[in-house]
Amino acid sequence: MKALLLRDLRLAFRSGGGFGLGLAFFFLLSVLVPLGVGPEGGTLSRIAPGILWVGALLACLLSLDRIFALDHEDGSLDLLATAPIPLEAVVAVKALAHWIVTGLPLTLIAPGLAIFLNLPPAGYPWLVLSLLLGTPALSIIGAFGAALTVGLRRGGLLLSLLVLPLYVPTLIFGGEVVRRGAEHMALATPLALLAAISLGAAALLPFAAASAIRVNLR
Amino acid sequence: MSIWEYANPKKFMALSARALPWAVGLTLVLLVTGLVWGFFFTPDDYKQGSTVKIIYLHVPSAMMAINAWVMMLVTSLIWIVRRHHVSALAAKAAAPVGLTFTLIALVTGALWGQPMWGTWWAWDPRLTSFLILTLFYFGYMALWAAIEDPDTAADLTSILCLVGSVFALLSRYAVLFWNQGLHQGASLSLDKKENVSDVFWLPLVICIAGFVLLFVTMVLLRTRTEIRARRLKALLARERVA
Chain A
4 MKALLLRDLR LAFRSGGGFG LGLAFFFLLS VLVPLGVGPE GGTLSRIAPG ILWVGALLAC
64 LLSLDRIFAL DHEDGSLDLL ATAPIPLEAV VAVKALAHWI VTGLPLTLIA PGLAIFLNLP
124 PAGYPWLVLS LLLGTPALSI IGAFGAALTV GLRRGGLLLS LLVLPLYVPT LIFGGEVVRR
184 GAEHMALATP LALLAAISLG AAALLPFAAA SAIRVNLR
Chain B
493 MSIWEYANPK KFMALSARAL PWAVGLTLVL LVTGLVWGFF FTPDDYKQGS TVKIIYLHVP
553 SAMMAINAWV MMLVTSLIWI VRRHHVSALA AKAAAPVGLT FTLIALVTGA LWGQPMWGTW
613 WAWDPRLTSF LILTLFYFGY MALWAAIEDP DTAADLTSIL CLVGSVFALL SRYAVLFWNQ
673 GLHQGASLSL DKKENVSDVF WLPLVICIAG FVLLFVTMVL LRTRTEIRAR RLKALLARER
733 VA
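Taken in order, these protein sequences are the chains called A and B.
Counting from 4, one number per residue, gives the positions in the first sequence under the working numbering.
Counting from 493, one number per residue, gives the positions in the second sequence under the working numbering.
See below:
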């Protein structure tokens with residue numbers, strides 16, 4: 004499992020593409036929104052939590068189809084399916100690798116981009132914490148969507164259509180945590196629910212994704 | 493004799509052929525009675541005027557939009573556990589019907605909301621969850637359409653339906669976080685003090701029954717079509733081999 008994780012990370016770093024693309028997208032979005040909305044600070048700081056979460060979600064979405072597609076093309080997914088580790092573990096490791104190359108960097112640069120969006124100072128710790136808790140859910144749900152569409156030639160758009168409604172609760176709770184944090188309100192409930200979604204998704208979705216891959220490899 | 497006998501396509505076709513005329517007839521009777529009663533023989537509401545009559549389309553279609561998804565969930569489970577093809581095809585057949593009910597609920601809701609709440613659309617919890625439900629229906633149908641092999645498609649859409657149900661429920665309660673919204677609370681229950689007045693209640697219940705039967709009729713019809721299409725494909729394939 005460790006070898007698989009290292010292999011996926013190495014592939015992601017050396018091929019460049021997907022890894023940088025998500026970050027660049029997130030950066031561009033955070034720069035473009037103020038240009039479109041106008042520089043007025045009050046408006047920006049009110050929409051900042053939502054924009055940052057939407058940006059992180061879309062940036063995550065960009066690289067989802069790479070989770071399984073490349074391995075499916077060159078046949079290594081078949082090898083992984085017959086390997087001694089269970090397919091569920093393969094899915095979990097791949098989702099973890101995806102999180103390390105997209106979710107984690109997104110979380111780390113989010114405070115920097117929040118400056119552009121004039122996020123109130125009280126929001127910063129909650130922004131980082133909510134992304135840290137929420138982006139794993141994005142990766143694992145995305146891995147499930149990628150598993151469903153892995154056999155399709157033009158799966159990209161379909162993947163977005165399938166995954167977007169699944170992302171809704173994560174987005175709502177994530178945005179809510181940051182918004183409440185920025186306005187000094189109680190936020191224990193959405194934070195706990197956000198963590199619950201991540202943990203629940205990590206516990207259950209690998210099974211669903213693995214059975215989808217088995218169907219697709221049949 | 494058990495219910496699983498009707499998982500045999502031949503038995504299902506025979507039963508549904510006999511049941512279909514009854515279902516069509518009952519649907520027509522109930523819908524015509526309920527809608528005519530509701531539209532022409534009930535008084536206007538003292539606050540909402542005649543717009544209250546939208547309720548006879550809005551509430552039943554909204555209920556069936558959710559029930560259709562529940563039915564797809566059950567048939568998907570049956571497909572996964574017992575692998576009866578009729579079950580998978582019934583789920584496939586129900587999706588467009590459910591989507592249509594969802595869209596009817598959204599459109600009539602907008603038409604009702606405009607004069608009453610002064611807006612076509614608000615990010616009210618129920619409106620939002622119906623929008624999300626629409627997305628789920630679209631995704632489900634797109635996945636069916638995208639996969640060529642019917643068994644693979646049935647498997648994958650069933651998995652999506654199971655996972656989607658969990659997330660649809662989650663979203664339903666997630667959107668409650670914003671506010672209570674513009675909709676009123678439950679007012680059709682049998683055990684509550686504050687209910688819709690009897691004048692509106694009776695025709696509404698008839699309309700709901702009519703919509704349930706309409707759904708049953710449509711799903712039976714569409715499932716029969718799917719089974720016939722599957723048989724036709726098999727025949728064509730056999731001919732090509734011979």
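Built from N, CA and C at the ideal position, the CB exists for glycine as well.
All values reported here derive from a predicted model rather than from experimental measurement.
Outcome for residue i when other beta-carbon atoms lying within 10 angstroms are tallied against a minimum of 16
i: residue 5 of chain A; result: exposed
i: residue 46 of chain A; result: exposed
i: residue 43 of chain A; result: exposed
i: residue 568 of chain B; result: buried
i: residue 18 of chain A; result: exposed
i: residue 611 of chain B; result: exposed
i: residue 38 of chain A; result: exposed
i: residue 218 of chain A; result: buried
For residue j and residue i, believed in contact at Cβ under 8 Å, the rounded distance
i: residue 162 of chain A; j: residue 67 of chain A; result: 6 Å
i: residue 170 of chain A; j: residue 141 of chain A; result: 7 Å
i: residue 74 of chain A; j: residue 83 of chain A; result: 7 Å
i: residue 194 of chain A; j: residue 180 of chain A; result: 5 Å
i: residue 172 of chain A; j: residue 621 of chain B; result: Residue 172 of chain A to residue 621 of chain B, Cβ: 11 Å. No contact.
i: residue 101 of chain A; j: residue 145 of chain A; result: 7 Å
i: residue 563 of chain B; j: residue 586 of chain B; result: 6 Å
i: residue 125 of chain A; j: residue 185 of chain A; result: 6 Å
Which of helix, strand or coil DSSP assigns to residue i
i: residue 647 of chain B; result: helix
i: residue 541 of chain B; result: strand
i: residue 246 of chain A; result: No answer is possible for residue 246 of chain A: it lies beyond the span of chain A, which begins at 4 and ends at 221.
i: residue 529 of chain B; result: helix
i: residue 610 of chain B; result: coil
i: residue 664 of chain B; result: helix
i: residue 186 of chain A; result: coil
i: residue 214 of chain A; result: helix
i: residue 536 of chain B; result: coil
i: residue 204 of chain A; result: helix
i: residue 195 of chain A; result: helix
i: residue 77 of chain A; result: coil
i: residue 4 of chain A; result: coil
i: residue 43 of chain A; result: coil
i: residue 153 of chain A; result: coil
i: residue 616 of chain B; result: coil
i: residue 126 of chain A; result: helix
i: residue 568 of chain B; result: helix
i: residue 552 of chain B; result: helix
Within chain B, the residues that residue i reaches when beta carbons sit closer than 8 Å
i: residue 91 of chain A; result: Here the premise fails: no neighbours, minimum Cβ distance about 14 Å.
i: residue 211 of chain A; result: 651, 654 and 655
i: residue 221 of chain A; result: 644
i: residue 151 of chain A; result: 635, 648, 651 and 652
Cross-chain neighbours of residue i in chain B, by beta carbon under 9 Å
i: residue 176 of chain A; result: 666 and 669
i: residue 164 of chain A; result: 627, 630, 631, 634 and 635
i: residue 94 of chain A; result: Per Cβ cutoff of 9 Å: no residues; residue 94 of chain A is ~13 Å from chain B at best.
i: residue 218 of chain A; result: 643, 644, 647, 648 and 651
Residue i: contacting residues in chain B (beta-carbon distance under 7 Å)
i: residue 179 of chain A; result: 669
i: residue 215 of chain A; result: 648 and 651
i: residue 147 of chain A; result: 655
Residue i: contacting residues in chain A (beta-carbon distance under 7 Å)
i: residue 638 of chain B; result: 155 and 161
8 Å Cβ cut-off: residues of chain A touching residue i
i: residue 663 of chain B; result: 168, 171, 172 and 175
Cβ-heavy atom distance, residue i to the ligand ZN, below 8 Å
i: residue 610 of chain B; result: This structure simply doesn't include the ligand ZN, nor any ligand for that matter.
message = Along the stretch 616-640 of chain B, where does the CB come closer than 8 Å to a CB of chain A? Name the residues.
response = 624, 627, 628, 630, 631, 634, 635, 638 and 639
query = Of the residues that make up the stretch 576-610 of chain B, which ones have a beta carbon closer than 7 Å to any beta carbon in chain A?
reply = none
query = Looking at chain B, which residues of the stretch 179-195 of chain A have a Cβ within less than 9 Å of any of its Cβ atoms?
reply = 179, 192 and 193
query = Looking at chain B, which residues of the stretch 30-46 of chain A have a Cβ within less than 9 Å of any of its Cβ atoms?
reply = none
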